[in-house]
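Visitor: One structure is given below, represented as structure tokens, and several questions about it will come after.
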Amino acid sequence: MAATLRHTVHSTLPADDTHPYRTGPWRPNVNEWDADHLEVEGELPTDLSGVYLRNTENPVHPSIGRYHPFDGDGMLHSIAFHDGIAGYRNRFVRTDGFLAEQEAAEALWTGMLDLPEHSKREDGWGARGRMKDASSTDVVVHNGQALTSFWQCGDLYALDPVTLEQPGKAAWAADFPSPTGISAHPKLDERTGELLVFGYGKEWPYLHLGIVSADGVLERSMEVELPGPRLPHDMAFTEHYAVLNDLPLFWDPDLLAQGIHLPRFFPDVPSRFAIVRRDGTGEVRWFEADPTYVLHWINAYEDGDEVVLDGFFQHDPSPRKREATDTHPHMASVYRYLDLSQLQARPHRWRFNLVTGETREEPLSDRIMEFGMINGQVAGRPHRYSYDMTGAPGWFLFDGLVKHDLHTGREERYAFGEGVFGSETPFAPRVGATAEDDGYLVTFTTDMGRDCSECLVFDATDITSGPIARVRLPERISSGTHSCWTPSSALPPT
Ligand SMILES: [Fe+2]
């Protein structure tokens, strides 16, 4: 492996840091690498062609007040495959906030666990306001550019998906009318090349939907009026519709009136779903369902008169505080919302009947899991398989990967092993594939026992046999949140 250290970003974090989400598998990276012809254990298939991108939260300064991992600066990791060869790059996303804090050599904005008025700067981003847009949550490739995004809304930063060069921001986003910008989880329709985006905030109408053409023009935007400020995290789409949500976990309105942004679950308030025509015609259709909170949807599609939506139903969106421990006193409190086993997130299906207005819903599995991925070529259309992550109890870490066959209910699981944590694992179609699961699964690991990171490649038709190839990265990388796969056919020419 020829690895070249391109740059080391200055960090002011203490060497003896003890924060549970800035140490161990969440130890931030500061080095930016270029590495070509990575060492491979096993054999990389020559019909695996494209790039796997993963965004991670990498703080470089002590926070003002308490740190939450969703506050960390975005660092994008890219591994590109062609002809059985793999090359890797990683770069901080040089957001406006990151650059300002590099210049100041300290944090300038408070994170989600502290008050906006404690920020050192009056300006800022996010639905809350006076936050840093860290662009560290999600990544999608659209119109040949990787676009990173932030869970509390902000700008979309553009990077070359392979070289990670950073030309700036998605220009069309300046026309999007949401005052907070665009949320994490823009959705790509691979069949049309369109990107569907949403943005939410504290100002009426509280939610906006946007449709962006394959060549990067904001074709239309639509207002989706909500009863008040809400915290939608993800959206879904079908061939003709966008599916947005108004779920009963949002900033407590009484506290919000005092300037306090405290999310609260309202168990007596129904979940509501908005079904909006992508072509901009017709009214917003609303459907009600059992109260819950859902971080991520798996897919949606049309089935006769119904819109079908799969996602992860949280059976306990507001888990009780656990006993505090001496080593990590905050793990029992605020960080319990990061623990899938506490939230009891399980696959679930909603069916919205466009003729009768009725909702039906049913569980799809007893297993606690989240972060589901599908073959992107069937996004918005009926899917058979999802690839979901299981969580390490007590932590925001993934200890295993599940292939879930929705037709048979069969679940196959691969466990990463003791002290090894995977990342969100997308499906990479085999070049020339015809079947939905004819391809590969690609993930990064953080291996605490061996103090290294690898990219694992699985045959998606047989995950229980373990990876068919392991690719060693230049150094151990921090855990993070979202990822995506982009086939070579959707990458810019080199
Ligand atoms: Fe997310």
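The opening residue of the sequence shown carries number 1098 in this note's numbering; numbering runs sequentially from there. The C-beta atom is built at its ideal place from N, Cα and C for all residues, glycine as well. These numbers come from a predicted model, not from an experiment.
Decide if H1104 is buried, meaning its Cβ has at least 16 other Cβ atoms within 10 Å, or exposed.
Guide: For the purposes of this step, residue 1104 is taken as the residue at position 7 of the sequence shown. So H1104 ends up on the exposed side.
Visitor: Over what stretch of residues does the beta strand (DSSP E) that includes G1147 continue unbroken?
Guide: The residue labelled residue 1147 in the question sits at position 50 within the sequence shown. First-last of the beta strand (DSSP E) with G1147: G1147 to E1154.
Visitor: Name the one or two DSSP bridge partners that L1341 has.
Guide: Taking the sequence shown and counting its residues from 1, one reaches residue 1341 at position 244. For L1341, which the question treats as bridged, DSSP gives the partners A1371.
Visitor: Please state whether the Cβ-Cβ distance between V1431 and L1145 is less than 9 Å.
Guide: The residue given as residue 1431 occupies position 334 in the sequence shown. The residue given as residue 1145 occupies position 48 in the sequence shown. Not a contact, by the Cβ cut-off of 9 Å.
Visitor: Pull up the distance between the alpha-carbon of R1124 and that of S1576, whole angstroms please.
Guide: Here residue 1124 corresponds to residue number 27 of the sequence shown, with the count starting at 1. Here residue 1576 corresponds to residue number 479 of the sequence shown, with the count starting at 1. Cα to Cα, the separation comes out at about 8 Å.
Visitor: Go to A1197, then tell me how far its alpha helix (DSSP H) extends in each direction, as first and last residue.
Guide: As a first step, residue 1197 must be located in the sequence shown, where it is residue number 100. Element bounds for A1197: D1193 to A1201.
Visitor: Using the beta-carbon of each residue, find all residues closer than 7 Å to any heavy atom of ligand 1 and list them in chain order.
Guide: Here the list is T1234, D1235, W1248, A1281, H1282, H1330, D1331, L1392, H1393, T1578 and H1579.
Visitor: Could you pull the DSSP bridge partners for R1573 from this structure?
Guide: In the sequence shown, counting from the first residue as 1, residue 1573 sits at position 476. The partner list for R1573 (beta bridge, DSSP) is empty, contrary to what the question assumes.
Visitor: Helix, strand or coil for W1348? Go by DSSP, reduced to three states.
Guide: Here residue 1348 corresponds to residue number 251 of the sequence shown, with the count starting at 1. Strand, per DSSP.
Visitor: Is it true that the CB of T1101 sits closer than 9 Å to the CB of V1190?
Guide: Taking the first residue of the sequence shown as 1, we reach residue 1190 at position 93. Taking the first residue of the sequence shown as 1, we reach residue 1101 at position 4. It is not a contact, given that the beta carbons lie outside the stated cut-off.
Visitor: By the 10 Å Cβ neighbour count, where 16 or more other Cβ atoms means buried, how is W1301 classified, buried or exposed?
Guide: Locating residue 1301 in the sequence shown gives position 204, counting from the first residue. So W1301 counts as exposed.
Visitor: Is it true that the CB of M1332 sits closer than 9 Å to the CB of L1341?
Guide: As a working mapping, residue 1341 is identified with position 244 in the sequence shown. As a working mapping, residue 1332 is identified with position 235 in the sequence shown. Going by C-beta atoms, L1341 is nearer than 9 Å to M1332.
Visitor: Using 10 angstroms around the beta-carbon of S1586, count the other beta-carbons present and answer buried if the total reaches 16, otherwise exposed.
Guide: The count along the sequence shown starts at 1 and reaches residue 1586 at position 489. The residue is exposed, with fewer than 16 neighbouring Cβ atoms inside 10 Å.
Visitor: Would you call the CB atoms of G1221 and G1194 closer than 9 Å?
Guide: Looking up residue 1221 in the sequence shown gives position 124. Looking up residue 1194 in the sequence shown gives position 97. For G1221 and G1194, yes; Cβs fall inside 9 Å.
Visitor: Only counting the same chain, and skipping five residues up and downstream in sequence, which positions put a Cβ closer than 8 Å to that of T1207?
Guide: Working through the sequence shown from its first residue, we reach residue 1207 at position 110. Excluding residues within five positions, the ones whose Cβ falls inside 8 Å are S1160, I1161, G1162, P1213, H1215, S1216, R1227 and M1228.
Visitor: Considering only C-alpha positions, which residue in the set S1462, D1376, D1400 and R1417 is nearest to G1408?
Guide: Locating residue 1408 in the sequence shown gives position 311, counting from the first residue. Comparing Cα positions, the closest option is S1462.
Visitor: Run through the segment 1438 to 1490 for me and flag every whole beta strand (DSSP E) of 3 or more residues, listed as ranges in chain order.
Guide: Complete beta strand (DSSP E) runs here, min 3: 1442 to 1450, 1456 to 1460, 1467 to 1470 and 1482 to 1488.
Visitor: Between which two residues does the beta strand (DSSP E) containing A1132 stretch?
Guide: The residue labelled residue 1132 in the question sits at position 35 within the sequence shown. That run of the beta strand (DSSP E) goes N1128 to D1133.
Visitor: Around the C-beta of G1454, are 16 or more other C-beta atoms found within 10 angstroms, so that it is buried, or is it exposed?
Guide: By 1-based counting over the sequence shown, the position of residue 1454 is 357. So G1454 ends up on the exposed side.
Visitor: Would you call the segment 1546 to 1555 and the segment 1506 to 1520 in contact, with 3 or more CB pairs under 8 Å?
Guide: Touching, yes.
Visitor: I need the DSSP call for S1108, collapsed to helix, strand or coil.
Guide: By 1-based counting over the sequence shown, the position of residue 1108 is 11. Here S1108 sits in coil by DSSP.
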